[in-house]
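Shown next, in structure tokens, is the structure this report addresses.
2 protein chains.
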Amino acid sequence: MVIDMNLSIESPLKRPDAPSIPQPSLRRLPQYHHYLVDLEAKGIGRVSCSTIGRDLNLVPIQVRKDLQYTGIIGKPKTGYSVTELILTIETFLGWNNVNEAFLVGAGNLGTALLGHERFSKFGLQIVAAFDSDPQKAGIWIHNKAVLPLDKLADLAQRMSIHLGIITAPAENAQTIADEMVKGGIQAIWNFAPVKLNVPAHIIVHNEDLYSSLASLSWKLARRFRVPIQEREAV
Amino acid sequence: MVIDMNLSIESPLKRPDAPSIPQPSLRRLPQYHHYLVDLEAKGIGRVSCSTIGRDLNLVPIQVRKDLQYTGIIGKPKTGYSVTELILTIETFLGWNNVNEAFLVGAGNLGTALLGHERFSKFGLQIVAAFDSDPQKAGIWIHNKAVLPLDKLADLAQRMSIHLGIITAPAENAQTIADEMVKGGIQAIWNFAPVKLNVPAHIIVHNEDLYSSLASLSWKLARRFRVPIQEREAV
DNA sequence: TAGATTGTTAATCGATTAACAATC
DNA sequence: TAGATTGTTAATCGATTAACAATC
């Protein structure tokens, strides 16, 4: 569910030697990871691309290509070491060096993310929440303090927080992003359905549920619209 | 943030005449919609691809291509009618014929989605929630009843619900999906980070936050790892 | 050794971008 | 009319898939 429109702006200075990986491959890695952790729990030591592909509904060659981006080396005939593969993926994705993050927008979605303990397994640690509504400042949600927005920039700087999460309404998102940039935040995970205007060096990742819903509802609507024998395409 | 791994299985029976649109275009449509609604509120009657592109950070030709999939017809020199474009996108995406949905998993994320009133503007109406934990059955969240999971299949059938949303933990997702299929649900919006095994005709849309987080944290980790002059690629 | 599976290079496919004629 | 912008067809670019040699 996710389109990162900021990605469409490519630098003309592309260098072939810089480490690179296609977006789709990057996004499949956590799925492999999840699957491999399951395998390891079952005591399985080695796995091949064909097995992974069968279980995850992907063609083996795609699995192999994806895994190769992480730098893992397999053994012909026996495949990859499950444990080694798990560690390689985790290291590759930077899940070892924890990202401490600030979250802004203590509404329904913000509350959900604050309570989502599993994020810590993926290298994400939400250390505090903020809200532009002064009424909300001072309360605690899932053991995390909710602070007024105007404290964000200063605190982010002092704590060297590099990641910001926006779960506020669309109207406030730009103001919040500005504060984050002011505080030296490098990457923004944006759940508000708007395009943020930020300096070019800031990484923005849009998590637009509406995009996703659009795609789903189009397919569903189409099902009741299109004659059955024409449904196969797309 | 979204990868639909089920999409990778293409039918060999592809017919060129069947209506079709690239996934990325489909996902950009809600963004155009959001932008256009803003324009309309400002009293702007017509808009060109270059203007949209400038404001949304996309190249004009891409905007034009995307809009053409909806069937809209513009006027050379003056562009498109804003109002007409909004309506065309809404119709195209099926936001007029409301999708009634069941949600399963009344945890943090489920609660957030149940409380998200704006979904109704995008044709989504969550009519009831379910949970496999019998303790949760009977409570109300954001004015929606939480029912035991074993009532789902029967109710879905009787109410002809076609859309199911899974916000339960990964462990329960498959069982829930099975119930949904049993109840005649056609499309599943899956927030659990697992691949669901469902019959081929069921539309599955995976909303995997971990995929998204992976991509973001890789980029962030990379920033602190890669020398500045090599950062430009990707 | 034979067979399975990896690693790598080439071919295909689909989305994006470019080019240009048509039209207001 | 001239210029801007659409609509359409062709070229490019990147991700996926195929082919095949290398290796355990």
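Chains as they are written, first to last, in this note's numbering: chain A, 1 to 234; chain B, 1001 to 1234. Where a beta carbon is used, it is the ideal one built from N, C-alpha and C, also for glycine. This one's a predicted model, so the numbers in the text were calculated from it and none came from an experiment.
If we call anything under 8 Å between Cβ atoms a contact, is residue i one with residue j?
{"i": "leucine 1152(B)", "j": "glycine 1183(B)", "result": "yes"}
{"i": "glutamate 40(A)", "j": "threonine 83(A)", "result": "yes"}
{"i": "isoleucine 165(A)", "j": "tryptophan 189(A)", "result": "yes"}
{"i": "proline 1112(B)", "j": "alanine 112(A)", "result": "At residue 1112(B) the sequence reads alanine, which differs from the proline that was named. Cβ atoms of alanine 1112(B) and alanine 112(A): closer than 8 Å."}
{"i": "isoleucine 141(A)", "j": "alanine 129(A)", "result": "yes"}
{"i": "aspartate 1131(B)", "j": "leucine 1149(B)", "result": "yes"}
{"i": "leucine 1220(B)", "j": "asparagine 99(A)", "result": "yes"}
{"i": "arginine 1027(B)", "j": "serine 211(A)", "result": "yes"}
Which value, in whole angstroms, describes the spacing of the CA atoms of residue i and residue j?
{"i": "alanine 101(A)", "j": "tyrosine 32(A)", "result": "25 Å"}
{"i": "valine 1104(B)", "j": "leucine 29(A)", "result": "26 Å"}
{"i": "serine 1025(B)", "j": "asparagine 197(A)", "result": "22 Å"}
{"i": "arginine 1054(B)", "j": "alanine 1170(B)", "result": "41 Å"}
{"i": "glutamine 186(A)", "j": "asparagine 206(A)", "result": "14 Å"}
{"i": "serine 1050(B)", "j": "glutamine 1023(B)", "result": "22 Å"}
{"i": "alanine 1137(B)", "j": "isoleucine 1176(B)", "result": "15 Å"}
{"i": "serine 48(A)", "j": "leucine 1209(B)", "result": "26 Å"}
{"i": "arginine 225(A)", "j": "phenylalanine 1092(B)", "result": "11 Å"}
{"i": "threonine 78(A)", "j": "arginine 46(A)", "result": "7 Å"}
{"i": "isoleucine 73(A)", "j": "serine 1215(B)", "result": "22 Å"}
{"i": "glutamine 1068(B)", "j": "arginine 223(A)", "result": "21 Å"}
{"i": "leucine 163(A)", "j": "valine 204(A)", "result": "10 Å"}
{"i": "asparagine 1097(B)", "j": "lysine 1075(B)", "result": "29 Å"}
{"i": "glutamine 135(A)", "j": "glutamate 179(A)", "result": "19 Å"}
{"i": "alanine 168(A)", "j": "tyrosine 80(A)", "result": "43 Å"}
{"i": "isoleucine 21(A)", "j": "lysine 1042(B)", "result": "42 Å"}
{"i": "aspartate 133(A)", "j": "aspartate 1133(B)", "result": "34 Å"}
{"i": "aspartate 66(A)", "j": "lysine 1065(B)", "result": "30 Å"}
Hey, is residue i's beta-carbon within less than 8 Å of any beta-carbon in chain A?
{"i": "threonine 1111(B)", "result": "yes"}
{"i": "tryptophan 1140(B)", "result": "no"}
{"i": "alanine 1187(B)", "result": "yes"}
{"i": "glutamine 1023(B)", "result": "yes"}
{"i": "leucine 1067(B)", "result": "no"}
{"i": "proline 1193(B)", "result": "yes"}
{"i": "glycine 1105(B)", "result": "no"}
{"i": "glycine 1071(B)", "result": "no"}
{"i": "leucine 1093(B)", "result": "yes"}
{"i": "glycine 1115(B)", "result": "yes"}
For residue i, decide whether its Cβ has a neighbour in chain B, counting only Cβ atoms nearer than 8 Å.
{"i": "lysine 219(A)", "result": "yes"}
{"i": "arginine 223(A)", "result": "yes"}
{"i": "asparagine 190(A)", "result": "no"}
{"i": "asparagine 143(A)", "result": "no"}
{"i": "leucine 124(A)", "result": "yes"}
{"i": "asparagine 57(A)", "result": "yes"}
{"i": "leucine 85(A)", "result": "no"}
{"i": "leucine 163(A)", "result": "yes"}
{"i": "methionine 1(A)", "result": "Low per-residue confidence applies at methionine 1(A): pLDDT is 35, beneath 50, and the placement is therefore not dependable, though the value from the model is reported in the following sentence. Yes, its Cβ sits closer than 8 Å to a Cβ of chain B."}
Go through its chain and collect everything with a Cβ distance to residue i's Cβ below 8 Å, but skip five positions before and after it.
{"i": "isoleucine 1086(B)", "result": "His1033, Leu1036, Val1037, Glu1040"}
{"i": "alanine 1173(B)", "result": "Ile1166, Asn1190, Ala1192, Val1194, Leu1196"}
{"i": "leucine 1114(B)", "result": "Leu1103, Ala1106, Ile1126, Ala1129, Ile1141, His1142, Lys1144"}
{"i": "leucine 1155(B)", "result": "Phe1102, Ala1128, Leu1147, Ile1161, Gly1183"}
{"i": "phenylalanine 119(A)", "result": "Leu113, Gln125, Ile126"}
Output needed for residue i: all residues of its chain with C-beta closer than 7 Å, excluding positions within five of it in sequence on either side, in chain order.
{"i": "isoleucine 1089(B)", "result": "Leu1029, Tyr1032, His1033, Thr1070"}
{"i": "isoleucine 44(A)", "result": "Val82"}
{"i": "valine 181(A)", "result": "Val198, Pro199, Ile202"}
{"i": "proline 1060(B)", "result": "Cys1049, Ser1050, Gly1053"}
If you drop the 5 nearest sequence neighbours on each side, which residues of the same chain put their C-beta closer than 6 Å to that of residue i?
{"i": "tryptophan 1095(B)", "result": "Phe1122, Gly1123"}
{"i": "isoleucine 52(A)", "result": "Val63"}
{"i": "arginine 1158(B)", "result": "none"}
Can you tell me whether residue i sits near the ligand NAP, meaning its C-beta is under 7 Å from at least one heavy atom of the ligand?
{"i": "proline 1134(B)", "result": "No copy of the ligand NAP occurs in the structure displayed, which carries no ligand at all."}
Chain-ordered residues of the segment 1196-1217 of chain B with a beta carbon less than 8 Å from chain A: Correct list: Ile1203, His1205, Asn1206, Glu1207, Asp1208, Leu1209, Tyr1210, Ser1211, Ser1212, Leu1213, Ala1214, Ser1215, Leu1216, Ser1217.
Cβ-based contacts, 9 Å cut-off: residues of the segment 27-38 of chain A near chain B: Against chain B - using a Cβ distance shorter than 9 Å - the residues of the segment 27-38 of chain A are Arg27, Arg28, Leu29, Pro30, Gln31, His33, His34, Tyr35.
Contact set between the segment 1165-1178 of chain B and chain A, restricted to residues whose Cβ is under 7 Å from the partner: The residues in question: there are none.
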